[in-house]
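The structure appears below as structure tokens.
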Amino acid sequence: MADKAIGAVMVVGGGIAGIQSALDLADGGFRVYVIERSPSIGGVMAQLDKTFPTNDCSMCILAPKLVDAGRHPNIDLKILSEVTGFKGKPGNFKVEITRKTLSVDLDKCTGCGECAEICPVEGTNPFDENLGVRKAIYVPFPQAVPLVYTIDRSMCIGCGECERFCGPNAIVYDMEETVTESIKVGAVILAPGFEEFDPSKLTAYGYKDYPNVVTSIEFERMMSASGPTGGHILSPLDGRIPEKVAFLHCIGSRDSSLGITYCSSVCCMYSLKEAIIAQEHTPGLKTHLFAMDFRAVGKQFEDYRIRAEEELGIKITKNNRIGSIEEDPVTRKLTIRYIEGDHILDEEFDMVVLGVGLRPPINGDYLARTFGVELNEHGFTAHSTFKPLETNVPGVFVAGAFRSPKDIPDTVAEASGAAALAAAVVVEGRGDLVTEIEYPEERDVEGQEPRIGVFVCHCGTNIGGVVDVPGVTEYARGLPGVVFADDNLYTCSADTNKYIANMIKDHDLNRVIVASCTPRTHEPLFRQTLKEAGLNPYLFEMANIRDHCSWIHMHEPNEATEKSKDLVRMTVSKARLLEPLVKPRIPITPRALVIGGGLSGMTAALEISEQGFEVDLIEKTNALGGNLRRVTHSITGEKPQDILKETIAAINERKLITLHTGTEIETLTGYMGNFDVTLKDGAVLKVGAIVVASGAIEYKPTEYYYGRNPNVITQLELEEEMTKGAFAPKNVIIIQCVGARDENHHNCSRICCTTSMKNAIALKKANPNTNVYIIYKDIRTYGFNEDSYLEAARLGVVFARYSDESKPRLSYTKKGLVFRVFDRFTNTEITIAPDLVVLNAATHPDPKNKVLAGLLKVPLTQEGYFLEAHMKLRPVEFATDGIFACGLALGPKFISESINQATAAAGKVAAVLSKDFAEAEANTAEVDSEICTGCGTCIQVCPYSAIERGEDRKAVVNAVLCKGCGTCVATCPELAIDIHHYSNEQLYQQAIALIKNGGGA
Amino acid sequence: MTKDKFEPRIIGYLCNWCSYAGADLAGVSRFQYPTNIRVIRMMCSGRLDPVVILETFIRGADGIMVGGCHIGDCHYMDGNHHAQRKIWLTHAIMERAGFDPARLRLEWISASEGDRFAEVVSELTDQLTKMGPSPIKGEKPDLEVLERIRAAQRVVEDFRIRALISKEYKLTTEGNVYGEVLEEDYIKDTILEAMDAEYTRNQILMETTDKAMSVKEIASAIDVPSPAVLNHVVRLRQKNLLTLASIDETTPKYKAMGGGM
């Protein structure tokens, strides 16, 4: 075919969105080019200390993804690069990339860092928001990927020192400044992220003038243990520890005076997170948040807020937009004036953190022009509700904050969704451009005596400058089983790896040890070398004599040398016991099961079939559509019912989709690649992957005479009424948070505020004389939903705020309904005689989730929603491989968000199904059935349901599902389980080797 | 290093994803700390078996540091919860055996806490230096303590103890087969009681391996009241681990039947 789609995708932006898109596509068999402007991928997430609402360490969860992306054979990272040209059509684009070279040969640089040690020029580090220092030649942060140094031309004085000290000769001062290349791809994903709002133009806050006023991202760097202050929150003025810190919300958000009317979606939560972490870091520290509304709209966010306020005593004052900060010129303390009830109060703080909003990326306009992509009035990309990741340019998709301000899980879901859409464009090119390396046949080492080769690295002077490397090498030669040892200047360089491969052959080595840096970054590289030399990659082990020795004992060369010898001896002891391991291969049945025929389920089924796979779609009722059947209009003007009809028609037409309505799952067994499912109608299915899209339900209120008075209805019932015509209520009261954010249901339903705006606007537009009152706790129209809030206010909708202490009261007399509420905004009691009361009934989990979760062996939250594998980075996956989820089954969300998740889940499914087999971990646990008594304790502790009972009731590890954590090993009451590559004997031998010859360090 | 200053030998068992990464970052950041620690990498802190910990002490470590991800951060969901419970058990059995539990330290260190890693190691080294060498290491170990640690090791190998400690996490979080979530203190007391019983029984078996002893003799040898010893003797006989060797006038004497429990 002349016009066959190119099996490659370009991802513009290397933040968490771009990384996720790239990994998904690369795993799905496509080539990916990641274009990143800065010297490292990682984006803003790399700068964060912790993430809400789990307070996970950001770098801990991000770094493995960085490493994966960095070493993935199908991903090309193009750092310091920008797109400078774009033409072609979907399936066949030509993109021009221009890369700054900055005088370092990226292929030669080993990341050893000697150049930065020697560089005499010091300046501020933008990664640390200029609070910390770095040299003129630098990596932005220690975990940077790729780990190559860059010269900052604005700082470099050209002294020539770094070139002199660079071992691999990677520094070439007279390199051309830019290099341009043209890359052919079939689709493009734009994921350039966002820009923080710069508050320096808002002089009333004194940012830059008052040293103790900092932005939230600066504060984030201070909190980070690897940040400029080592995780201590210190006053930038005098380095003292603050006692009181204020957080001001909506700086550069929801501010029409700046022309920035939208809500930045994440600032409430990150401010709260920063307050929580700050209080944890600094005993006695008091924090106070000032917000207009507190917008905790995500999954379990409200629990997080409640804990912060009730357990940690963090104060949140609402109804306040703080417009200015006063600094005492003598004490430099900062005063904030705010309103509480009827009182105007002044409060003094040591530090004030400005919760800066999210702006479109700095190159947003440029990217939009280059790709011809339309932007909305806020400067972000424009999309329709039902095609949320697609742009006006076919084949060009957008993910993450360039679409709208959002948090990490939504960004990751969008990234996976965009990857799925891009994959559908280039699906015919799947596998065409991936790198398949041919390895020689593996040598059989079974029964052979260990013949160990040890390669000790100088790492320039990083190790060699402290440790006596030749001495360690000589020592290694004398260890039992070692037949060869040598030292190398840079063991990770390409030529040394060739040398290692040759030595394996020349000396018939069957175990290899590299004593250098950390296996966390370099083990994959050396394992590759073993494979190329025909050795099983698990016959390799590293001794970390740099990160764990020379770098931390720089002033004790003798001790460091002795310690290096110990570490090498330990590694040799383990190496003697290494066994060749094979990653188990799981055959994959190329067919998917989607549970639930609502919008999410239908979207997932369609997107999976777009990539050419068969799908069984099951719906428990007799009709497709789920909750969408009751949504009659959308805020953007699209007609949901028309789209629903089109979607159902598409499902019915799609030959790859088999529909099963009016039935549910009866039994389910198996694992990724091979699930056996029977339905209640008797159908028997065999599928390779599963998507849970079982939806949620509308809360049936017991409050406010619902069900007893015909004039009290729910929001969805209102929509149904509105389509009937002849519907002209005079006084409409909409009560928010019915069945949400109360004693029994802590969490927020996320969509209700915006739904109220939508319906209030429609009522007002239908009849401007209708009085519409929205009675709320907080208005949570996050992101661009804020536009609808402003529109409703403009149309004359009246708002009144209630609190838990003064809940609205509805009474029912002969004359009709009487409504009373104490408005916390004006501090007055309001009485209204409504002819219609609309209850914004919350979204609740389906009670049937318990049954389904039991069948799938996946967890639920305490509330009863499905619980994803990781709140931040695995939003549509379960810990169990091959099972995914999307939509309301995971928690309340908007239509577009459900579509994004469904598309993401479909992409993940397609990536699984696209392979003939999947590879699992090799270092798995194994049960000795001679010893096992079948007590089942291991089954209970295994987080992956990887242990089952065999026919004799004894435990059997399913090597395909086992991730190799080893918890079962330490658990087994009969000591019948051991784990490959980290066995008890291997641990013992390492410990013995370390202690022997010890007697002292 | 001067000969007279004692340098403790510390083994660090670190999880790959957080603590090992934290140790790496300490290196990258050049945080200097004492040279005493030697690190062994594992995938998860939940991998570490109390049997391995005690074996490491028997082999001569002065101190052990176990490092995992902070609670909530575990790469394998809840491995660190299991680690926490196993270390608690090991501490308890060390205490019971008269071997200072301070020699074993559990720390949560994240990938970004290089400074904390260095601090913890410095502090632990300092503490262990002050404590002096482990009583059970070297050429002349305190054989009595060594015996007790061996008894302790058998306890943590025991089915009952391992089953209880492994189930504790789920019993106190998700609940038992009746849907009841058990109080942590309640289940911990149960475990401690079981541990104490098993420890005493192991001591009895070790004492009576070479010679038959009366209840009273055993009681004084292991410093446990005679009624309790009698109780254990009955239980051990039921399990065929102890036999009535002879009756010396009115005093029955018991002997271990060989092998461990």
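Protein chains in written order, with this note's numbering: chain A, 1 to 1001; chain B, 10001 to 10261. Think of the CB as a built atom: it goes at the ideal place given N, C-alpha and C, for glycine as much as any other residue.
> Using 9 Å as the limit for Cβ to Cβ distance, is Y33 (chain A) near chain B?
Replying inline: no
> Using a Cβ-Cβ cut-off of 7 Å (strictly less than) and excluding sequence neighbours within five positions of I6 (chain A), which residues of its own chain qualify?
Replying inline: Within the same chain, Cβ atoms closer than 7 Å to the Cβ of I6 (chain A) are found at G91, N92, K184, V185, G186, V426, G429, the five residues on either side in sequence being excluded.
> Under the three-state reduction of DSSP, which class applies to A515 (chain A): helix, strand or coil?
Replying inline: strand
> Three or more beta-carbon pairs under 8 Å between the segment 440-453 of chain A and the segment 930-946 of chain A, yes or no?
Replying inline: Counting Cβ pairs under 8 Å, fewer than three are found: no touch.
>> Could you check whether the Cβ of Q990 (chain A) sits closer than 9 Å to any Cβ belonging to chain B?
In response: Contact with chain B is found for Q990 (chain A), since one of that chain's Cβ atoms lies less than 9 Å from the residue's Cβ.
>> Using CA atoms only, rank isn't needed, just tell me which of A:S235, A:A296, A:E243, A:K201 is closest to L258 (chain A).
In response: A:K201
>> Run through chain A and tell me which residues come within less than 8 Å of Y10020 (chain B), C-beta to C-beta.
In response: Neighbours of Y10020 (chain B) on chain A, chain order: T518, R520.
>> Looking at the secondary structure, which residues open and close the alpha helix (DSSP H) in which W10088 (chain B) lies?
In response: It spans 10079-10096 - the alpha helix (DSSP H) in which W10088 (chain B) sits, taken as one unbroken run.
>> Taking a contact to mean a Cβ-Cβ separation below 9 Å, would you say V927 (chain A) touches A976 (chain A) in this structure?
In response: yes
> Mind pulling the chain B residues with CB within less than 9 Å of N984 (chain A)?
Replying inline: D10049, V10051, V10052, E10055
> With 9 Å set as the bound, which would you pick, yes or no: does the beta-carbon of Q611 (chain A) sit closer than that to a beta-carbon of chain B?
Replying inline: no
> Along chain B, in chain order, which residues have C-beta atoms closer than 8 Å to that of H555 (chain A)?
Replying inline: Under the 8 Å cutoff, chain B gives Q10032.
>> Please tell me whether V797 (chain A) and I761 (chain A) are closer than 9 Å, where the distance is taken between their beta carbons.
In response: yes
>> Our contact map puts E1004 (chain A) next to A841 (chain A) with C-beta atoms below 8 Å; I'd like the distance itself, whole angstroms only.
In response: The requested residue 1004 (chain A) does not occur in the structure, where chain A is confined to residues 1 to 1001.
>> Going by DSSP in three states, Q989 (chain A) sits in which element: helix, strand or coil?
In response: helix
> Which residues, in order along the segment 37-69 of chain A, keep a beta-carbon less than 8 Å from a beta-carbon of chain B?
Replying inline: D49, T54, N55, D56, C57, S58, M59, C60, I61, A63, P64
>> Please tell me whether D566 (chain A) has its Cβ less than 9 Å away from any Cβ of chain B.
In response: yes
> Just how far apart, CA to CA, sit D10223 (chain B) and Y10186 (chain B)?
Replying inline: 27 Å
> When burial is assigned at 16 or more other CB atoms within 10 Å of the CB, is K10005 (chain B) buried or exposed?
Replying inline: exposed
>> A10212 (chain B) and Y10254 (chain B) - do their beta-carbons sit closer together than 9 Å?
In response: Here Y10254 (chain B) is near A10212 (chain B), since their CB atoms are less than 9 Å apart.
>> Let me see if you follow: with CB-CB separation under 9 Å, is A10245 (chain B) close to chain A or not?
In response: Output row for A10245 (chain B): interface = no.
> For L10205 (chain B), does the three-state DSSP call read helix, strand or coil?
Replying inline: Here L10205 (chain B) sits in helix by DSSP.
> Can you give, in chain order, each stretch of the alpha helix (DSSP H) that sits fully within the segment 264-338 of chain A and has at least 4 residues?
Replying inline: If we require 4 residues or more, the alpha helix (DSSP H) runs fully inside the segment 264-338 of chain A come out as 267-281, 301-310.
> Counting only runs that start and end within the segment 10010-10088 of chain B, where is the alpha helix (DSSP H) found for 4 or more residues in a row?
Replying inline: 10019-10028, 10050-10058
> Going along the chain, which residues of its own chain have a beta-carbon closer than 6 Å to the beta-carbon of P1024 (chain A), five neighbours each way excluded?
Replying inline: The structure shown has nothing for residue 1024 (chain A), since chain A only spans 1 to 1001.
>> Taking the beta strand (DSSP E) that C457 (chain A) belongs to, which residues open and close that run?
In response: Judged by DSSP secondary structure, C457 (chain A) falls within the beta strand (DSSP E) whose first and last residues are 452-457.
>> Please identify the residue among A:L578, A:I586, A:L628 whose C-alpha is closest to the C-alpha of G1004 (chain A).
In response: Residue 1004 (chain A) cannot be examined here, being either before or after the span of chain A that is shown, 1 to 1001.
> Secondary structure at M10131 (chain B), three-state DSSP: helix, strand or coil?
Replying inline: helix
> With C-beta atoms as the reference, is Q10203 (chain B) less than 9 Å away from R10148 (chain B)?
Replying inline: yes
> Can you tell me whether DSSP reads G887 (chain A) as helix, strand or coil?
Replying inline: helix
> Which runs of the alpha helix (DSSP H) fall wholly inside the segment 216-256 of chain A and span at least 4 residues, in chain order?
Replying inline: 216-223
> Rounded C-beta distance between A69 (chain A) and A22 (chain A)? I'm assuming under 8 Å.
Replying inline: 6 Å
> In chain order, which continuous runs of the alpha helix (DSSP H) of length 4 or greater are located wholly inside the segment 2-56 of chain A?
Replying inline: 16-27
> Do three or more CB pairs link the segment 261-274 of chain A to the segment 352-360 of chain A at distances below 8 Å?
Replying inline: yes
> Using a C-beta cutoff of 9 Å, does D303 (chain A) count as contacting chain B?
Replying inline: no
> Would D10223 (chain B) count as contacting chain A if we go by Cβ distances under 9 Å?
Replying inline: no
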